[in-house]
Each structure stands twice: as C-alpha cells, then as structure tokens.
Amino acid sequence: MAEDTPAKYGGEPIREDVLGYGSQSITEAEKSAVLDALEGDYITRGPTVEEFEERVAELIGVDHAVATTSGTTALHLAGRAAGFEEGDEVITTPLTFVSTAHAATYSGATPVFADIDPHRRTLDPEAVREQITDDTAGLIPMHYGGHPADIEGLLNIADEHDLTVIWDACHGFGGTWRGEPLGAQRDMAMFSFHPVKNITTGEGGMVVTDDDEIARRLRRLRSFDMDYEPDGHESEPWYQVVKGVGYNYNVTDIQAALGLAQLNRLGEFKERRDEIIAQYDEALDGVLGIRTPPEPIESDPMYHLYAIEVREEFGYDREEFVNAMHAENIGVQVHYVPLHYHPFFQEKFGYERGMFPEAEHVYDGLVSLPLYTEMNDDDIEDVLNAVRRLQAYHA
Ligand SMILES: Cc1ncc(COP(=O)(O)O)c(C=O)c1O
Numbered sequence: 039m040a041e042d043t044p045a046k047y048g049g050e051p052i053r054e055d056v057l058g059y060g061s062q063s064i065t066e067a068e069k070s071a072v073l074d075a076l077e078g079d080y081i082t083r084g085p086t087v088e089e090f091e092e093r094v095a096e097l098i099g100v101d102h103a104v105a106t107t108s109g110t111t112a113l114h115l116a117g118r119a120a121g122f123e124e125g126d127e128v129i130t131t132p133l134t135f136v137s138t139a140h141a142a143t144y145s146g147a148t149p150v151f152a153d154i155d156p157h158r159r160t161l162d163p164e165a166v167r168e169q170i171t172d173d174t175a176g177l178i179p180m181h182y183g184g185h186p187a188d189i190e191g192l193l194n195i196a197d198e199h200d201l202t203v204i205w206d207a208c209h210g211f212g213g214t215w216r217g218e219p220l221g222a223q224r225d226m227a228m229f230s231f232h233p234v235k236n237i238t239t240g241e242g243g244m245v246v247t248d249d250d251e252i253a254r255r256l257r258r259l260r261s262f263d264m265d266y267e268p269d270g271h272e273s274e275p276w277y278q279v280v281k282g283v284g285y286n287y288n289v290t291d292i293q294a295a296l297g298l299a300q301l302n303r304l305g306e307f308k309e310r311r312d313e314i315i316a317q318y319d320e321a322l323d324g325v326l327g328i329r330t331p332p333e334p335i336e337s338d339p340m341y342h343l344y345a346i347e348v349r350e351e352f353g354y355d356r357e358e359f360v361n362a363m364h365a366e367n368i369g370v371q372v373h374y375v376p377l378h379y380h381p382f383f384q385e386k387f388g389y390e391r392g393m394f395p396e397a398e399h400v401y402d403g404l405v406s407l408p409l410y411t412e413m414n415d416d417d418i419e420d421v422l423n424a425v426r427r428l429q430a431y432h433a
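In the working numbering, the protein residues as written are 39 to 433.
As structure tokens, this is what we get:
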C-alpha cells in the first residue's frame, strides 16, 4: 500500500495516538492554586469564588458576575432571571448546543428558532424579525465558535420590541467586539468553563450583567431562592426565607482557584490559539471544497472552534471526511446537529428538517479541526498532513 494512502483506505494512520479537538492546559500554577484552596476555610462557595467573580466582572467590564456550576446552569439561571415563563417565545439559533435553547424550555417558554446568517453562522437579524410575535419575550443569540453575532442588528430588534437578550458567549470568552469585551452587551451574557472552552474550571459557568436586579435574582436562584437576611434576621439570626423554587448551583472555591489561575494565562491562551489558526488559514485558505472560518467583522475574537466547511468539490462529503480523519487519529468533531433535527424539539414544538435552510447547509459541511493551547506544531502538521493526504488521494 502506498505510503500516502489514507488510513481509511488501507494506509497507516498519520499518528498513533488520537489528537482530540479540544483540551485544557494545566500547569503547576493551577495545581498549586487548587492545593491552596483545599487548605482554605471554605471548600464550597467562599471568598475565592467572590474573587473569581470580581476578576471576571472587571475583565468583561460589567458590574456583576455570578459563578455557577456549568454553562447549562448559567443558562437556566439567566432564563429564570429574565422572567421567561409559559406562553413566552424566545428566539434562538438552531445551530447551537442544546443548552442554549433550554434557557427558554427550563422556564416553560417556547424556543423559537430563526435561521442563521451563513457568514457568522449564527442568528440572522432579518430571520429573527420574521419570528417576532406578541408573545416574544427574549432573544438568545450565540457567538458561534467565538465569532461575534450581529450584535448591533440584534440589539436594535430587542430595543424595538422590548426583549430581554441573553448572549450565549460560551465560545467567545476573551474576545472583543468593537473594542468591547464579548459578554459586556446587555442584558446578560453567559460563559462555560468546560475543559474544551477558552478557560476552564473543570465544570463551571458564569452569568454577567450590569443590571443590579437581575444580578440579585441570579444570586438568590443559585442558592435555593433563599433570602438569608430577611426582616427579623437581627433578632432571630437563624431565620431565612425561601422565596421560590431555587437550586443549588453553587461552585466551589476549589474550582474558582483553578479559574483564577487560568485567567492569569488568558493572554497566553489567546496568542497560542491565534497562532494555530494562522497556520491552519495559511494551509487551507483557497483549497477547493474547503471553506475556512469566516473573517471576523469589527472584532478580535478568541476562537473556541476552528470550524471549516467541507464540500463535495474537495472530493469527500462531510461524513466521509470525518471518518477518514478519525482513521488518521485526528479527532475532528461537528458542532452541532441542528436543534430542530432532535426528536425532543420535533415532538414538543413541531420542528422538522428543512425549516432552516441556511443552518442546514452550513451544518452539512461543518467540521471542527483540533484547536487548543497545548497542541504543538507537530500536532498541527499532523492535522494538515491528514487533510493533504485525503486531497492527494482523491486527485
Ligand atoms: C454554545 C454553548 N452553550 C452552552 C453550553 C453548555 O455549557 P456547559 O457544558 O458548561 O454546561 C455549551 C457547552 O457545551 C455551548 O457550547
């Protein structure tokens, strides 16, 4: 078998071990921060969580940051704090992770999908406009891959119709739009600190906002919807009052210590991601049948994903491409199966395939190449050699 035969068609894989699409970077600094936290008085939510929240609020340039246990629980709290309820419609993108839509469904509201702008790969303001009804209560745009959504266009619609906006900025931590940090836009933004994201706390999330009342609601819902200092607390110091159905989404000082150590490395993380992206762009721009990620518009994103679109002209459809890359031990991934393809959204809300042609066309080609700080130049070459090998084999 020729040396350059792709592994899927009988050759030897490009590498022996699997290169994942995303992973954390942990150094001695993170390890010692976590050990210090374990020596502290609190290992649950304590002063280190407060410090982590203050650092994130300062970085984003907002008044409040509320840490929670995941991006998913951040979306849950944000939807509740927005006051979404049964009968409300909340417009979001179908090309996202399921939790984005759950900021509506957890509160009994209906997620209403609108098609995407194929350049930004996220909500198209014109498509959003078509979905507005008297019941529309909010928007949940998502910054796909870290590339900002059309923030101005979407905020204009929110203004016209008095809608609450929750920005799903899970992919965009550390990026800026018009010089302003992604996440600083009203009414709320949220992040995930899952290990594949731009920084990690193991599991974790954060909601940020300038709105004092929203922040108060977020904090209380995070902790059992309990008022810990109600009237009468002075004379009966044990007295606490439950105001509604809250949760225990408290994060620990251990996670916050990890998060603080990761924040110290944010610049280093961005620089390395940008270098990897530049190498991918240089090799893949102009390759027939491959669309590299869209040019950023008025922004300096910190990309979570390097998502290309693979088309037939490359010689392989997406399924063949992904399986051939996996055979080379290159762990590419697809973000995401559109939400309206899932039985849950079809059965509960009547969605069907075919309803959002732009999202479906983009999805049909999407493949995320590995992108994370600890990839070395050999790893990048392995990814590119695997692509070149497939290209040459077809030619
Ligand atoms: C766009 C988006 N929203 C929400 C989430 C949920 O975040 P988490 O995994 O921290 O719950 C993710 C992460 O997978 C995501 O990518």
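Built from N, CA and C at the ideal position, the CB exists for glycine as well.
- Inside the stretch 168-248, DSSP marks whole alpha helix (DSSP H) runs of 4 or more residues at positions 189-199, from first to last along the chain.
- Taking non-hydrogen atoms of ligand 1 into account, the C-beta of MET180 is found less than 7 angstroms away from one of them.
- Distance between MET244 and GLU309, taken at the CA atoms: about 23 angstroms.
- Check the Cα spacing between ARG260 and each of THR107, GLY184, GLY58, ALA95: the tightest is with THR107.
- DSSP places GLN278 outside both helix and strand once states are collapsed to three, so it counts as coil.
- Cα atoms of VAL166 and ASP263: separation of roughly 33 angstroms, rounded to the nearest angstrom.
- Ligand 1 has a heavy atom closer than 7 angstroms to the beta-carbon of LEU113.
- When C-alpha distances from VAL150 are compared across LEU322, ILE178, THR411, ALA321, the shortest belongs to ILE178.
- Distances from the CA of ILE292 to each of THR160, LEU57, GLU89 were compared; the closest alpha carbon is that of GLU89.
- By the 16-neighbour rule on beta-carbons within 10 angstroms, ALA433 is exposed.
- Rounded to the nearest whole angstrom, the C-alpha separation of PRO85 and ASN236 is 24 angstroms.
- In this structure, ALA295 places its C-beta atom within 8 angstroms of the C-beta atom of VAL72.
- Between GLY324 and GLY353, the C-beta gap is not smaller than 8 angstroms, which leaves the two residues out of contact.
- The Cβ-Cβ distance between GLY109 and SER230 falls below 8 angstroms.
- Counting only residues of its own chain and dropping the five nearest sequence neighbours on each side, TRP215 has a CB closer than 7 angstroms to the CB of PRO186, ILE189, GLU336, SER337.
- In the DSSP secondary-structure assignment, THR110 is not bridged to any residue.
- Restricted to the stretch 395-427, the alpha helix (DSSP H) segments that are unbroken, complete and at least 4 residues in length are 395-403, listed in chain order.
- Sixteen is the threshold: when 16 or more other Cβ atoms of the shown chains lie within 10 Å of the Cβ of ALA253, as they do, the residue is buried.
- Where PHE90 is concerned, the enclosing alpha helix (DSSP H) starts and stops at 85-98.
- By the neighbour-count criterion, in which 16 or more other beta carbons inside 10 Å mark a residue as buried, GLN223 falls on the buried side.
- Under the three-pair Cβ rule at 8 angstroms, the stretch 189-198 does not count as touching the stretch 302-322.
- In this model, LEU256 and ALA119 are separated by some 6 angstroms (Cα to Cα).
- Sixteen is the threshold: since fewer than 16 other Cβ atoms of the shown chains lie within 10 Å of the Cβ of THR171, the residue is exposed.
- Three or more beta-carbon pairs drawn from the stretch 354-363 and the stretch 400-417 are found closer than 8 angstroms, and the two stretches are therefore classed as touching.
- Taking 8 angstroms as the cut-off, the Cβ atoms of ASP420 and ARG53 count as close.
- A heavy atom of ligand 1 is found nearer than 7 angstroms to the CB of ASP206.
- Judged by DSSP secondary structure, GLU385 falls within the alpha helix (DSSP H) whose first and last residues are 381-387.
- GLU350 counts as exposed, since fewer than 16 other C-beta atoms from the protein chains shown sit within 10 angstroms of its C-beta.
- In the same chain as GLU124, and ignoring 5 residues on each side of it, the C-beta atoms closer than 6 angstroms to its own belong to GLY146, in chain order.
- By the Cβ-count criterion, SER137 is buried, with 16 or more other Cβ atoms from all chains shown falling within 10 Å of its own Cβ.
- With a beta-carbon spacing of about 5 angstroms, THR330 and LEU322 fall inside the 8 angstroms limit used to define contacts.
- Residue pairing by DSSP places VAL128 opposite PRO149, GLY176 in a beta bridge.
- For GLU251 and ASN423, the gap between their C-alpha atoms comes out near 53 angstroms.
- Per the coordinates, the alpha-carbon of TYR277 lies some 16 angstroms from the alpha-carbon of ARG258.
- Between ligand 1 and the CB of GLY109, the shortest heavy atom gap is smaller than 7 angstroms.
- Per the DSSP secondary-structure output, GLU347 pairs in a beta bridge with ARG329, LEU404.
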